[in-house]
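> Take this structure first; my questions come after.
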Amino acid sequence: MFPSIVLASALHLTPPQQASVFTPEPGYQRPKNRIAGDKAMRIIFLRTSFENDSDPTVSRHSDAEMRHVGEALTNFFKIQSYGTMTVSKYEISPVVKIGKSNLYERTDKDGKEVPAKQRRAPITDAVVAAQKQLGVDFKKEFDMICVMLNASPTGGKISPPGVAALATGPQTSIFFGAKHQWRVYAHEIGHNMGFPHAWSVLDKKGEETLSTDRNFIEYGDPTTPMGKGSNSYSLIERYRMGWIGSKDTDSRFVKAFEPGEISFMAYDRPDASGCVGGYIQGDFGVEIKELVSKRDGADNGGDVPSVETPGPQRLWFSVVSRGNLVNGEMQDSPRPLLLAHLSSLVAPSKGAARAFTTVSLDLKPAPATTRREQMAGKGLATGQSGTIRMKDGKSLILKFVGYDSKSHQAKVSAVLQQ
């Protein structure tokens, strides 16, 4: 903390008692250089200006805006981790001046691309400038460094096309826009923690949940901030963080199910305990290369074999029972939804086996003209059914049989048919 120079900060000096994190299976573990799931996280919102700004002492990111984001993230991570991960402090820096904006532009004001070797990295310059101007080593003082830029006064573009923000490695991220919702920060910090983008898979004709004629949609998962959601990190993401275990002696755990009648608690409850979801293993005919993020690079996929997955793949089941985070709280949803995700454990050509990109399944397929991207358009409500075809021609018939609003236990039927 540096109170003599920080304009606004929030400290949480007495975090709640933290539980131990669980250890996921090797294939689902995150890179070792990522933040621990029980960390008291320290976040800095590093506001910058350009040397050629009309007033380099001004940032377009206000104190009030960043305090709102900081409080939302504080509540979000506490809820997501069942109180295991806290935000011990977030701080808002004074405006730090970096170089002239043209040093960082990808395209100039006329739309001409600037060669990469002529561009400087704004994140690197911001961290170095902050240490020189403020006398603080941000990389030691904070776990997450969120760098925010002004628009280029020359009219050039600094961000890659279509990109509002991006994360670089386990600690830093950069935000190119004038104002971002808290979920954009949760998305980029999710990358810092080791999560790839959350994809979905859709039948091109809108007739089957998992047909051979399919499209994979980046950001398509409607639940998690790693996709299109403002709700909860997915069951698998929470499992990878160690917030959910895999042993029946863990306070919260996932497990392997056999086809038939299964039951588990909604994983997004603040008091979630016992079995909170799980998976059925089988061959669903999805290739390895289809389960690897096309954008996130080696951290999330490494070398991508082009052969079909030798199996088994995992079809994950979870129930979401709460709505989006609003004013620091997640209210109960009137319609809990059964969701399904597909992942695969494979051995890449280098390194140990790891979990590749997880995709959400559309359990209620529909033609593109009527397709909805919200959870209600893809998940099953109580009483609803869906069908997932296996590679061997068998079908897995799913039905969300019931949900107890007091115990938050879900009952699901998953029956194999020829």
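In the numbering used here, the protein residues as written are 4 to 421.
We put the CB at the ideal spot given by N, CA and C, even for glycine.
#1: In chain order, what residues of the same chain lie with their CB nearer than 6 angstroms to the CB of alanine 201, ignoring the 5 residues before and after it?
#2: Can you tell which of Ser52, Ser104, Gly288 has the C-alpha that lies nearest to the C-alpha of lysine 397?
#3: Exposed or buried, serine 23, counting other C-beta atoms within 10 Å across all chains shown (16 or more means buried)?
#4: Three or more C-beta pairs closer than 8 angstroms, one from the region 159-166 and one from the region 194-213: is that the case here?
#5: Classify aspartate 3 as buried or exposed, calling it buried when 16 or more other Cβ atoms lie within 10 Å of its own Cβ.
#6: When burial is assigned at 16 or more other CB atoms within 10 Å of the CB, is serine 155 buried or exposed?
#7: Measure how close the beta-carbons of phenylalanine 219 and valine 362 come, nearest whole angstrom, since I'm counting them as under 8 angstroms.
#8: Go to lysine 120, then tell me how far its alpha helix (DSSP H) extends in each direction, as first and last residue.
#9: CB-CB under 6 angstroms to serine 178, same chain, minus the five flanking residues each way: which ones, in chain order?
#10: When the Cα atoms are used, what is the spatial distance from serine 388 to leucine 401?
#11: Rounded to whole angstroms, what is the Cα-Cα separation between glutamate 94 and threonine 51?
#12: Report the partner residues of tryptophan 319 according to the DSSP bridge assignment.
#13: On the CB-based measure, 16 or more other CB atoms within 10 Å of its CB, does lysine 250 come out buried or exposed?
#14: Output needed for alanine 129: all residues of its chain with C-beta closer than 7 angstroms, excluding positions within five of it in sequence on either side, in chain order.
#15: Determine the burial state of aspartate 56: buried for a count of at least 16 other Cβ atoms within 10 Å of its Cβ, exposed for fewer.
#16: Per DSSP, what are the beta-bridge partners of tryptophan 202 in this structure?
#17: Could I get the ranges of all uninterrupted beta strand (DSSP E) runs contained in the region 219-278, with 3 residues as the minimum, in chain order?
#18: Under three-state DSSP, which class holds glutamate 211?
#19: Going by other Cβ atoms of all chains shown within 10 Å of its Cβ, with 16 needed for buried, is serine 410 buried or exposed?
#20: Nearest CA to the CA of tyrosine 188: which residue from Glu68, Thr127, Tyr270, Thr110?
#21: With 16 other CB atoms within 10 Å as the buried threshold, where does histidine 71 fall?
#22: Please go through the same chain and pick out, in chain order, the residues whose beta-carbon is closer than 6 angstroms to the beta-carbon of glycine 180, but skip the five residues on each side of it.
#23: Is arginine 298 helix, strand or coil when you go by DSSP?
#24: Provide the residue span of the alpha helix (DSSP H) that contains glycine 386, from first to last.
#25: Which residue's Cα is closest to the Cα of tryptophan 1: Glu264, Glu116, Ala275, Ser321?
#26: Within 10 angstroms of its Cβ, does proline 2 collect 16 or more other Cβ (buried), or is it exposed?
#27: Look at the Cβ atom of glutamine 284, then the Cβ atom of arginine 241, and state whether they are nearer than 8 angstroms.
#28: Less than 8 angstroms separating the beta-carbons of alanine 413 and tyrosine 406?
#29: Assuming lysine 112 and glycine 159 form a contact by the criterion Cβ under 8 angstroms, report the distance between their Cβ atoms to the nearest whole angstrom.
#30: My understanding is that valine 323 touches serine 235, with C-beta atoms under 8 angstroms, so please give their C-beta distance in whole angstroms.
#31: Note down, in chain order, each residue of its chain lying with its Cβ closer than 6 angstroms to the Cβ of phenylalanine 198, except the 5 sequence neighbours on either side.
#32: Kindly indicate which three-state DSSP category aspartate 1 falls into: helix, strand or coil?
#33: I'd like the span of the beta strand (DSSP E) that includes glutamine 412, first residue to last.
#34: Let me check understanding here. Comparing Cα to Cα, which of Phe320, Lys381, Asn78 lies closest to glycine 331?
Here's the rundown:
#1: Against the sequence shown, residue 201 aligns to sequence position 198. Asp224, Thr227, Met229, Gly230.
#2: Taking the sequence shown and counting its residues from 1, one reaches residue 397 at position 394. Out of Ser52, Ser104, Gly288, Gly288 has the C-alpha closest to the C-alpha of lysine 397.
#3: Stepping through the sequence shown from its first residue, residue 23 is reached at position 20. Classification for serine 23: exposed.
#4: no
#5: In the structure as shown, the chain starts at 4 and stops at 421, and residue 3 therefore has no counterpart that could be examined.
#6: Here residue 155 refers to the residue found at position 152 of the sequence shown. Looking at its Cβ environment, which holds 16 or more other Cβ atoms inside 10 Å, serine 155 is buried.
#7: Here residue 219 refers to the residue found at position 216 of the sequence shown. Here residue 362 refers to the residue found at position 359 of the sequence shown. Right, their Cβ atoms sit about 6 angstroms apart.
#8: Along the sequence shown, one-based indexing puts residue 120 at 117. No alpha helix (DSSP H) contains lysine 120, which DSSP labels as neither H nor E.
#9: Here residue 178 refers to the residue found at position 175 of the sequence shown. Just to set this straight, residue 178 is phenylalanine in the shown sequence, not serine. Cβ neighbours of phenylalanine 178 beyond the five flanking positions: Met151, Ala168.
#10: Taking the first residue of the sequence shown as 1, we reach residue 388 at position 385. Taking the first residue of the sequence shown as 1, we reach residue 401 at position 398. Using only the alpha carbons, I get a separation of about 5 angstroms.
#11: Numbered from 1 along the sequence shown, position 91 holds the residue referred to as residue 94. Numbered from 1 along the sequence shown, position 48 holds the residue referred to as residue 51. So the alpha carbons of these two residues sit roughly 14 angstroms apart.
#12: Indexing the sequence shown from 1 puts residue 319 at position 316. Bridge partners of tryptophan 319: Tyr282, His344.
#13: Along the sequence shown, one-based indexing puts residue 250 at 247. Looking at its Cβ environment, which holds fewer than 16 other Cβ atoms inside 10 Å, lysine 250 is exposed.
#14: Start at 1 with the first residue of the sequence shown, and residue 129 comes out as number 126. The residues are Leu49, Thr51, Val99, Ile101, Val150.
#15: Taking the sequence shown and counting its residues from 1, the one referred to as residue 56 is at position 53. Aspartate 56 should be labelled buried.
#16: Within the sequence shown, residue 202 is the residue found at index 199, counting from 1. Note: tryptophan 202 sits in a beta bridge opposite Val362.
#17: 255-259, 263-268
#18: As a position in the sequence shown, residue 211 is number 208, starting the count at 1. If DSSP states are grouped into helix, strand and coil, glutamate 211 belongs with coil.
#19: Walking along the sequence shown from the start, residue 410 turns up at place 407. Exposed: under 16 other Cβ atoms inside 10 Å.
#20: The count along the sequence shown starts at 1 and reaches residue 188 at position 185. The shortest C-alpha separation from tyrosine 188 is found at Glu68.
#21: Residue 71 sits at position 68 when you count from the first residue of the sequence shown. Classification of histidine 71: exposed, given that the 10 Å Cβ count is below 16.
#22: One-based indexing of the sequence shown puts residue 180 at position 177. These residues qualify, in order along the chain: Ala167.
#23: Sequence index remark: in the sequence shown, residue 298 carries index 295 (1-based). Because the pLDDT at arginine 298 is just 44, under 50, the model does not fix this residue reliably, and the value given afterwards should be weighed accordingly. Residue state, collapsed to three classes: coil.
#24: Numbered from its first residue, the sequence shown carries residue 386 at position 383. First-last for glycine 386: undefined, no H or E at that position.
#25: In the structure displayed, the chain extends from 4 to 421; residue 1 sits before or after that span and is not available.
#26: No statement about residue 2 is possible, as the shown extent of the chain runs from 4 to 421 and does not include it.
#27: Translated into positions along the sequence shown, residue 284 becomes position 281. Translated into positions along the sequence shown, residue 241 becomes position 238. No, they are not a contact pair.
#28: For the purposes of this step, residue 413 is identified with residue 410 of the sequence shown, where counting begins at 1. For the purposes of this step, residue 406 is identified with residue 403 of the sequence shown, where counting begins at 1. A contact, by the Cβ cut-off of 8 angstroms.
#29: On the sequence shown, residue 112 is found 109 positions in, with the first residue counted as 1. On the sequence shown, residue 159 is found 156 positions in, with the first residue counted as 1. So it is a contact: roughly 5 angstroms between Cβ atoms.
#30: Walking along the sequence shown from the start, residue 323 turns up at place 320. Walking along the sequence shown from the start, residue 235 turns up at place 232. Rounded, the Cβ-Cβ distance is 7 angstroms, consistent with contact.
#31: One-based indexing of the sequence shown puts residue 198 at position 195. Hits under 6 angstroms: Met229, Glu240.
#32: With the chain running from 4 to 421 in the structure shown, residue 1 is simply not present.
#33: The count along the sequence shown starts at 1 and reaches residue 412 at position 409. Segment 412-420, the beta strand (DSSP E) holding glutamine 412.
#34: Counting from one through the sequence shown, the residue named residue 331 turns up at place 328. Checked all of Phe320, Lys381, Asn78; the closest Cα to glycine 331 is Asn78.
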